[in-house]
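Since the structure comes first, as structure tokens, the remarks are kept for the end.
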Amino acid sequence: MREFFVAKASELKSGDRRIVTTDRGAEIGVFNHEGAYHAYSNTCLHQGGPACEGLMINRVAEVLGPGKTWEGEVFAEEMHFVCPWHGWEYDLKTGEAVGNRKLKLRNYDVVEHDGSIYVIA
Amino acid sequence: MDIPFKDPPPTEVRNLAGGEYSTIELLRHAAKQAVERKYRDFVIVDVDSHHYENETYREVFKYIESPVIRRAALESAERPGRSNLMNGQVGYQDISGRITRQRGRAREKTEPGEQRDIVMTKRWMDSMGVDYACLFPTPMLFLGLHPQPEIETALAQGYNRWLCEEVLAKEDRLVSMLYLPFNDPEAAYRTVKEFGDKKGVSGFMVTSPRYKPVHDNSYMKTYALLEEMGKPLSFHAAYNWNDQSMALMNRFISVHAVGFMMYNMIHLTNWVINGLPERFPNLKVMWIESGLTWVYSLMQRLDHSYMMRTSDAPALKRKPSEYMREMYYSSQPMEMPDDKSILEATFKMIKADTQLVWSSDYPHWDFDLPSVIYDLPFLNETAKRNILGGTAAKLFGIDPKVVKNIPGDIVAPGSRPLAGVAS
Chain A
1 MREFFVAKAS ELKSGDRRIV TTDRGAEIGV FNHEGAYHAY SNTCLHQGGP
51 ACEGLMINRV AEVLGPGKTW EGEVFAEEMH FVCPWHGWEY DLKTGEAVGN
101 RKLKLRNYDV VEHDGSIYVI A
Chain B
1 MDIPFKDPPP TEVRNLAGGE YSTIELLRHA AKQAVERKYR DFVIVDVDSH
51 HYENETYREV FKYIESPVIR RAALESAERP GRSNLMNGQV GYQDISGRIT
101 RQRGRAREKT EPGEQRDIVM TKRWMDSMGV DYACLFPTPM LFLGLHPQPE
151 IETALAQGYN RWLCEEVLAK EDRLVSMLYL PFNDPEAAYR TVKEFGDKKG
201 VSGFMVTSPR YKPVHDNSYM KTYALLEEMG KPLSFHAAYN WNDQSMALMN
251 RFISVHAVGF MMYNMIHLTN WVINGLPERF PNLKVMWIES GLTWVYSLMQ
301 RLDHSYMMRT SDAPALKRKP SEYMREMYYS SQPMEMPDDK SILEATFKMI
351 KADTQLVWSS DYPHWDFDLP SVIYDLPFLN ETAKRNILGG TAAKLFGIDP
401 KVVKNIPGDI VAPGSRPLAG VAS
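Just so you know, the protein sequences line up as chains A and B, in that order. The working numbering puts the first residue of the first sequence at 1, with every later residue one more than the last. The working numbering puts the first residue of the second sequence at 1, with every later residue one more than the last.
What follows is the structure, given as structure tokens:
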């Protein structure tokens, strides 16, 4: 395990991300979401697409009324990133596939020192 | 062309903000799979892929024979997004922008003077490791629902002429099963006559959402002609949200899941129960883009009823499933049950080793890579290669020569002995 440079901390603002390729060829997506760093394998658990390179979008949630009637849909707080190949959505905070949370992308630790961000792989 | 993953620096950091769209970049993981699995060693044929003919309507419609309809069509092409000569469907396959290539492809660069459909298609083919692809249109999959049969016929003929002259004649790696204007049986017959011998025409295709039954007597001479010419007939699934049954469903996921099976279930049932395999024993029939589970189910349903009601299907000499097992099925979108023994049973049921043909459906939202077949633990290497290309090459009359150029692959194409194509 070693550290791989991701970016200067000043260059990876909230909402930004980078794809880091390690010396062994592994691709890792590193996200800054509201000041917290998250890093996951960039290989989708479905057919191997670039899981971390698609749209970032909030979870769509259903709104039910008091009598369990359908009242509409909203964007919830939970942030997802979406594999651009087929639309598999992942929870940004956990790396879980939101359609089946037993499935989870490999996650990596991220550290910051000397003004730079590193992912450990 | 840059190859993103070949000989990367020890660490490479990419910023995803903005930039051009590139098919090769989007599919670089597909190319990696193709290299790792050594697709360079055998031929891969994709029996169902697409382009977006609406992006070149101005060119396509010039080929419409009737000057009156040609003018109407060309005028329509100038005002896309408003009601025009083409019929459409409600649909949002891009999942509200989550499938990024649907929008991004407009930003992809091709060189001036290049035929864009050919260039764009070959980029994803090479990335996936595909040697030959059968190309179909996209919006025209709904053309069978056009309220004016003469418009369906005119647009189909124009499209077929454009495709033959501008694409198939110019690119040896592309073939097509041409659109049959099925609402006008005479026009369907004329289409087979006119185009059956053209370069790259591997067969003919009926878009499935339509309401004239396949056993109608008016189609028999077309089937006879196809059988005589040795050209396969395929039924390409789609949906019709305006169908009374489909209109009960409120989500695209529902209409897509059921609709893409339903019309092929109906047409196949009519095809078998009316004994068309007995009338046209040498006509090759293929069912496209309904996945596989419906076949497994329908075989059992029809066999079960048939043994009690043989008088309802007097033309049959065997059980319905036996006829069905002689037909061809495209694989995509291939269902992946958690328990792979269920998939294995489906493969056995449809005699996948000889009857299943891989398809990508690229660039549509639910495309499959060759690895959906290649990685199956219960298939041997010969079966994998048959399904991925050997069977389709025979069916389409394609010389099974490896011609792909996988980005990042280390070996030049064409320099190795071929293997794995069943005789």
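The C-beta atom is built at its ideal place from N, Cα and C for all residues, glycine as well. Remember, it's a predicted structure, so these values are computed and weren't measured experimentally.
Given residue 382 of chain B as reference, the closest of B:376, B:353 and B:395 once Cα atoms are compared: B:353
Quick one: grab the DSSP three-state call for residue 86 of chain A. coil
List the residues of chain C whose Cβ lies closer than 9 angstroms to the Cβ of residue 43 of chain A, in chain order. Among the chains of the structure shown, chain C does not appear; the protein chains present are A and B.
If you measure from the beta carbon of residue 222 of chain B to each beta carbon in chain A, is any gap under 7 angstroms? no
How would you write the range of the beta strand (DSSP E) that residue 56 of chain A sits in, first residue to last? 56 to 64
Chain A contact for residue 99 of chain B (CB, 7 angstroms cutoff): yes
Do you know how far the Cα of residue 119 of chain B is from the Cα of residue 113 of chain B? 11 angstroms
Helix or strand or just coil, what does DSSP make of residue 80 of chain A? strand
By the criterion of Cβ-Cβ separation under 7 angstroms, what are the contact partners of residue 366 of chain B in chain A? 86
Can you list, in chain order, the residues of its chain whose CB lies under 6 angstroms from that of residue 219 of chain B, leaving out five sequence neighbours each side? 185
Rounded Cβ spacing between residue 359 of chain B and residue 332 of chain B (contact assumed at less than 8 angstroms): 4 angstroms
At what residues does the alpha helix (DSSP H) containing residue 256 of chain B begin and finish? 252 to 273
Could you check which residue in A:52, A:64 and A:82 has the C-alpha nearest to that of residue 72 of chain A? A:64
Contact set between residue 82 of chain A and chain B, taken where Cβ atoms lie within less than 7 angstroms: 98
By a C-beta neighbour count over all protein chains shown, 10 Å radius and 16 as the cutoff for buried, is residue 113 of chain A buried or exposed? exposed
Using a threshold of 7 angstroms, state whether the C-beta atoms of residue 271 of chain B and residue 214 of chain B are closer than that. yes
Check whether the Cβ of residue 415 of chain B lies closer than 7 angstroms to any Cβ atom in chain A. Its pLDDT being 42, under 50, residue 415 of chain B is placed unreliably in this model, and the value from its coordinates should be taken loosely. Chain A contact via Cβ: absent.
Identify every residue that forms a DSSP beta bridge with residue 29 of chain A. A:19 and A:40
Would you say residue 343 of chain B reaches chain A, if we count a Cβ-Cβ gap shorter than 7 angstroms as a contact? no
Only counting the same chain, and skipping five residues up and downstream in sequence, which positions put a Cβ closer than 6 angstroms to that of residue 280 of chain B? 223 and 227
Residue 118 of chain A classed as buried or exposed, judged by whether at least 16 other C-beta atoms fall within 10 angstroms: buried
Check the Cβ of residue 65 of chain A against every Cβ in chain B and list those closer than 8 angstroms, keeping chain order. Result: empty, since nearest Cβ-Cβ is about 17 angstroms, beyond 8 angstroms.
With a cut-off of 7 angstroms, does the C-beta of residue 180 of chain B fall near any C-beta of chain A? no
Establish whether the CB of residue 369 of chain B and some CB of chain A are separated by less than 7 angstroms. yes
List the residues of chain A whose Cβ lies closer than 8 angstroms to the Cβ of residue 406 of chain B, in chain order. Per Cβ cutoff of 8 angstroms: no residues; residue 406 of chain B is ~15 angstroms from chain A at best.
Report the rounded CA-to-CA distance for residue 67 of chain B versus residue 86 of chain B, giving the unit in angstroms. 17 angstroms
Tell me where the beta strand (DSSP E) around residue 112 of chain A begins and ends. 107 to 113
Per DSSP, residue 75 of chain A is paired with what? A:60
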